[in-house]
Each structure stands twice: as structure tokens, then as C-alpha cells.
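Just so you know, we're using our numbering here: the sequence shown kicks off at 60 and counts up by one. In this text, a Cβ means the ideal position worked out from N, Cα and C, and glycines have one as well. Since this is a predicted model, take the numbers as computed values, not measurements. Since the structure comes first, as C-alpha cells, the remarks are kept for the end.
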Amino acid sequence: MDRRPLIAGNWKMHTTAQEAQQLAASVVKAANSVPDRDVMIAPPYTALAAVSATLAGTGVILGAQNVHWEEQGAFTGEISAPMLKELGCGMAIIGHSERRHVFGETDGMINKRIKGAMQFGLIPVFCIGETLEQREAEQTMQVLEAQVRSGLDAVDLTDGSRIVVAYEPVWAIGTGKTASESQAQEAHGFIRNLLENIYEKNIAAQIRILYGGSVKPENVDILMQQNDIDGALVGGAALKAEMFERIICFH
Ligand code: PEP
Numbered sequence: 060m061d062r063r064p065l066i067a068g069n070w071k072m073h074t075t076a077q078e079a080q081q082l083a084a085s086v087v088k089a090a091n092s093v094p095d096r097d098v099m100i101a102p103p104y105t106a107l108a109a110v111s112a113t114l115a116g117t118g119v120i121l122g123a124q125n126v127h128w129e130e131q132g133a134f135t136g137e138i139s140a141p142m143l144k145e146l147g148c149g150m151a152i153i154g155h156s157e158r159r160h161v162f163g164e165t166d167g168m169i170n171k172r173i174k175g176a177m178q179f180g181l182i183p184v185f186c187i188g189e190t191l192e193q194r195e196a197e198q199t200m201q202v203l204e205a206q207v208r209s210g211l212d213a214v215d216l217t218d219g220s221r222i223v224v225a226y227e228p229v230w231a232i233g234t235g236k237t238a239s240e241s242q243a244q245e246a247h248g249f250i251r252n253l254l255e256n257i258y259e260k261n262i263a264a265q266i267r268i269l270y271g272g273s274v275k276p277e278n279v280d281i282l283m284q285q286n287d288i289d290g291a292l293v294g295g296a297a298l299k300a301e302m303f304e305r306i307i308c309f310h
């Protein structure tokens, strides 16, 4: 099964609207040179409108860094899927480890966010990953299984391209430590099998599984050569135009 690669940039709490537009323009240029893959960027909410204007008419996908499950209501600080759709977003990162560990988001909340996003046609980029402690205690696969099963609880899928999974080992995020390609492939293969248990095989085969955790120009090519690695979710290096351009142009 050929899955279209996806390179995604998570800008976290960085960039003014003006800086975001400049960075987005460099992303468009790189993405245009490699039409065989998808590219998504997730600026902070405050820059979404500006970046949406820069991306208009290009193939680059606008993403949000989170999304609430309700359409509207008394949820101070939250943003809904219809609001994001109105700004031109096609995807939303959900369950990022910073949301889980810094802001206390639970598997239950993440499951609701995934359902809320999908209900309004936003593609979730559903993040999972083990901590260093869990890896050292040899609990990695158990943790991934629990996160996948609860995040996807009662999430019906008839088309595997409507959701993206991102494997991001917490110990590799922003630390400069990357999982080796074999460690990453082992986790991705495990996640693929799990998805085959939950959904029909042909649907599971369509789901893109991204790797995230200190992806950079030096390691993107070898990571992308692994069977079950269908793309990358990039933090730090997505904020540097030249680095992200090179990552987009992986070969
Ligand atoms: C991330 O925040 O999703 C991430 C992978 O960050 P970094 O690339 O900086 O490790």
C-alpha cells in the first residue's frame, strides 16, 4: 500500500503573524518542488489567519495545535473545529506530549478531541509516545497500545486517510535525541499491527504514521526509508526555514 508521505511542522508557541507568514512562504516554495508528498504547518492560533492567506491556492495544509470537542460554548481558552475550518485548517494536532504532560490532558479528553475534529472534517494528527522511564522499564509497547486503544475508542473509520497517527517518544522531543531508525520502525510496525486489530486491514494500511522527536536534515532520509514511517512531525527544525525545507525535500 502506497501511503502519501506527510511532513508536518509544529511551531508551538513561536512566531508573530508576520514571522509566520515569512516562514510559511518558504514552506510553500519547498513544497512546490516535491509534489509527491503532503506538507502541513501548525502555527499558533494567533497566526492562523495570516498563514491561511499565505497558503491560499497552494497545496500546503494549514494545521492547528489542538481543538476542542464541542462546536461552541463556555470553554474559555479553547477553539472548536468549525472555527478552525473557517480559517482554512485541514488538520489538528491532538494529544501532543506537551498537552498530556504540561497541561494534564487525559486519554479520555484526547479521544473526545479526535471525535470532535473528525465530526467536522478536520483530520486529527493523533500523538502518542512513551516517556524515558516507561521505555527503560520496557513498557513502551504496553503504553502505546493503551494510548492507541483509548484515543481511538469508538472512532469509526471507513477511510484511513481521515486520521494520522504520530509516534513521538517523549524522550526524543526537543532533546536532540532521536530514536534510531530501527527503534522507530519497531514502534511503527507495532502500531500498524494494532491498527489492523482495531480496523479492517485495508483501512489500517491507509493510516499514515508519522515519526516525531528531533527530526532534522541529518536523520530524515533514513527515517523515511523505513516501511511503516510515512512522514515526520517536526518541532524545533520546523522553525528554521532552511532546515525544514531540507526535511520537506527528504529522499
Ligand atoms: C514536536 O514537538 O512534536 C517535536 C517532535 O519536537 P522536536 O522536533 O523539536 O523534537
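**Message:** Could you check whether Lys299 and Ser273 sit closer than 9 Å to each other, using their CB atoms as the reference points?
**Reply:** Sequence index remark: in the sequence shown, residue 273 carries index 214 (1-based). Sequence index remark: in the sequence shown, residue 299 carries index 240 (1-based). In terms of Cβ geometry, Ser273 and Lys299 do not form a close pair [threshold 9 Å].
**Request:** Give a yes or no on whether the C-beta atoms belonging to Leu181 and Gly149 are separated by under 9 Å.
**Result:** The residue you call residue 181 lines up with position 122 of the sequence shown. The residue you call residue 149 lines up with position 90 of the sequence shown. Yes, these two residues count as a Cβ contact at 9 Å.
**Message:** Given 8 Å as the limit, tell me if Thr190 has its C-beta closer than that to any heavy atom belonging to ligand 2.
**Reply:** The model on display carries ligand 1 but not ligand 2.
**Asked** Taking Tyr270 as the reference, which of Asn91, Asn261, His155, Gln193 has the closest Cα?
**Response** Residue 270 sits at position 211 when you count from the first residue of the sequence shown. Ranking Asn91, Asn261, His155, Gln193 by Cα distance to Tyr270 puts His155 first.
**Range covered by the beta strand (DSSP E) that runs through Ala291** = Numbered from its first residue, the sequence shown carries residue 291 at position 232. Element bounds for Ala291: 290 to 293.
**Asked** Can you round the beta-carbon distance between Gly188 and Pro228 to whole angstroms, since I take them to be within the 8 Å contact cut?
**Response** Residue numbering aside, residue 188 sits at position 129 when the sequence shown is read from its first letter. Residue numbering aside, residue 228 sits at position 169 when the sequence shown is read from its first letter. Contact between Gly188 and Pro228 holds, since their C-beta atoms are separated by about 5 Å, short of 8 Å.
**Among Tyr226, Asp212, Glu195, nearest to Gln244 - alpha-carbon criterion** = The residue given as residue 244 occupies position 185 in the sequence shown. Ranked by Cα distance from Gln244, the first of Tyr226, Asp212, Glu195 is Tyr226.
**Prompt:** Between Ala67 and Ala109, is the Cβ-Cβ spacing less than 9 Å?
**Reply:** In the sequence shown, residue 67 corresponds to position 8, counting from 1. In the sequence shown, residue 109 corresponds to position 50, counting from 1. For Ala67 and Ala109, no; Cβs fall outside 9 Å.
**Item:** At least three beta-carbon pairs within less than 8 Å, the segment 249 to 266 to the segment 204 to 213
**Value:** With a cut-off of 8 Å, the segment 204 to 213 and the segment 249 to 266 count as touching, because enough Cβ pairs lie within range.
**Prompt:** Since Met302 is in the alpha helix (DSSP H), which residue starts that stretch and which ends it?
**Reply:** The sequence position of residue 302 within the sequence shown is 243, counting from 1. From DSSP, the alpha helix (DSSP H) with Met302 extends over 300 to 307.
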